[in-house]
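Down below is the structure, laid out as structure tokens.
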Amino acid sequence: MKPSDAHFEAALKLIPWGTQTNAKRPFPQFDETMPKFIVRGKGCRIWDMEGKEYIDYRLALGPVTLGYCYDEVDDAVREQMKNGVLFSMASPIELELAQMIHDVVPNAEMVRFMKTGEDANLSNIRIARAFTKRDMILVSGYHGYPDWFATEDSPNNGVPEFLKEYVKVIPWGNCEVAEELIKKYHERLACVISIPYDMGEDVNGTFIKHVRNVTKEYGVLLVLDEVWTGFRLALGGAQEFFGIDADLASYAKAMANGYPISAYVGKREYLQSLNRFKMTTTYAGETLSIAAALATLRIMRREKVHDHLFAMGRRLMEGFNAIVRELGVEGYAAGLPPSAYIKFTTPDPAYNARLEYLWFRELFREGIFVILRWFISYSHKARDIDESLEKARRALKRALDAEPKERASIQPFYW
1 MKPSDAHFEA ALKLIPWGTQ TNAKRPFPQF DETMPKFIVR GKGCRIWDME
51 GKEYIDYRLA LGPVTLGYCY DEVDDAVREQ MKNGVLFSMA SPIELELAQM
101 IHDVVPNAEM VRFMKTGEDA NLSNIRIARA FTKRDMILVS GYHGYPDWFA
151 TEDSPNNGVP EFLKEYVKVI PWGNCEVAEE LIKKYHERLA CVISIPYDMG
201 EDVNGTFIKH VRNVTKEYGV LLVLDEVWTG FRLALGGAQE FFGIDADLAS
251 YAKAMANGYP ISAYVGKREY LQSLNRFKMT TTYAGETLSI AAALATLRIM
301 RREKVHDHLF AMGRRLMEGF NAIVRELGVE GYAAGLPPSA YIKFTTPDPA
351 YNARLEYLWF RELFREGIFV ILRWFISYSH KARDIDESLE KARRALKRAL
401 DAEPKERASI QPFYW
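For the sequence shown, the numbering used here begins at 1 and goes up steadily by one.
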């Protein structure tokens, strides 16, 4: 038994799942190759409990934009630590960060901070309901664990069933259903909350632009969940990238290079609703994360971070296409460059799923940490991309060789 296996067994006795985040649970299908714990990271690389090194394309589920242990960000945190982490009143740097977000994010007329993406999303829902005096919402995409975003699994997940009357789900990307539900319920709707991009093939924002047009037509607020896209697709997030005019927006992951902070922003008339009710938490003004966010955004404004993310992503996608051509695989590189992936396109969906599973299993073995989408950081350089592509080619070749032999033993695999 490897040390990490023993550690995981011990963790399961004290920690449900053995981890704090659902998406960080070990995949049983990858038990022999996927690391269960990560000990440290630097740049675009991470190391597991056994000391194995990986080039990381998961980036802690998205927050690591610049790279692990990015010196300028960590130095800013250490400097702020000399003054303190949390005070009995607001810290002056709260305004400094709010001003910076106001300067770079479209429609960020007012700004407030929280700690996580779901905090920010939930805060925007509360503001929309307070402003409109309506209770119902439409949701599209994943927005976190709060009750308002988890009615589909009610009551098995502890969410009251009566909330289903107040929440309706738009399948992401379905313009017809979105328009139908907005038309049907607009007089009851506080807002529509939607992710702007689902890391799929709608790379032009077709769906979210349509939702924005219909919500405007029917006088419904649009809350844009930019927890993943904000500060990653562009400095101004998906609002800038797709040209979306949201009423309220939520930001989190990419804004502080891994330090815990989120922001909910929007037009003044909506944010000023907070003058009429309380919505607050002690740690929203925690200064280390604010210092990290300030440093991260300064770097993004000073350097061509997003140009680099797209350039490295395109290099990866071009390499993917060359690999599938070389190996005779039906497939192609898809998605936006900061989160690209290979889409296998044989007529047999079951074969595509098996090949994808085997490929990712072999990628872990090669020292490439990735699940589904390949997130790019500022620390991924051309040499890291090229090394990854060579390993990806070897991994896919082994996956192709293994598929006929292992076909009967591969269980249906769902991400």
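Beta carbons: idealized from backbone N, C-alpha and C, even for Gly. Computed from a prediction, not measured in an experiment: that's the story for all the values here.
- If you compare the alpha carbons of T33, G51, P16, F87 with that of G285, the shortest gap goes to F87.
- Take A60, set aside five residues on each side of it, and the residues of its chain with a beta-carbon closer than 7 Å to its own are G258, in chain order.
- With the rule of 3 Cβ pairs closer than 8 Å, the region 61-73 counts as touching the region 255-271.
- The DSSP-derived three-state label of F231 is coil.
- Assigned with DSSP and collapsed to three states, A263 falls in strand.
- Taking a C-beta distance under 8 Å as the contact criterion, I170 and V220 do not qualify as a contact pair.
- In the three-state scheme derived from DSSP, where H, G and I count as helix and E and B as strand, G331 is classed as strand.
- When DSSP states are grouped into helix, strand and coil, C191 belongs to the strand group.
- Rounded to whole angstroms, the gap between the alpha carbons of E201 and N174 is 13 Å.
- Counting along the chain, W359 sits inside the alpha helix (DSSP H) bounded by residues 349-366.
- Within the same chain, A291 come within 8 Å of E79 by CB-CB distance, once the 5 residues on both sides are set aside.
- Of the candidates A311, M49, A128, R188, the residue whose Cα lies closest to the Cα of L222 is A128.
- DSSP places D245 in no alpha helix (DSSP H); its state is neither H nor E.
- A residue is called buried when at least 16 other Cβ atoms come within 10 angstroms of its Cβ; R302 does not meet this threshold and is exposed.
- Contact between the region 97-104 and the region 153-168 is not established, with fewer than three Cβ pairs separated by less than 8 Å.
- Under the three-state reduction of DSSP output, F30 falls in the helix class.
- Judged by DSSP secondary structure, K397 falls outside any beta strand (DSSP E) and instead within the alpha helix (DSSP H) spanning 382-406.
- Only buried fits A238, as 16 or more other CB atoms lie within 10 angstroms of its CB.
- Residue range 117-132 is occupied by the alpha helix (DSSP H) that includes G117, with no beta strand (DSSP E) assigned at that position.
- One thing to note: V167 has its Cβ within 8 Å of the Cβ of W148.
- When Cβ pairs closer than 8 Å are counted between the two stretches, the region 382-400 is seen to touch the region 363-374, the count reaching three or more.
- Of the candidates Y270, L294, A263, L297, A263 places its Cα closest to the Cα of T281.
- Between the alpha carbons of V77 and A10 lies a distance of about 33 Å.
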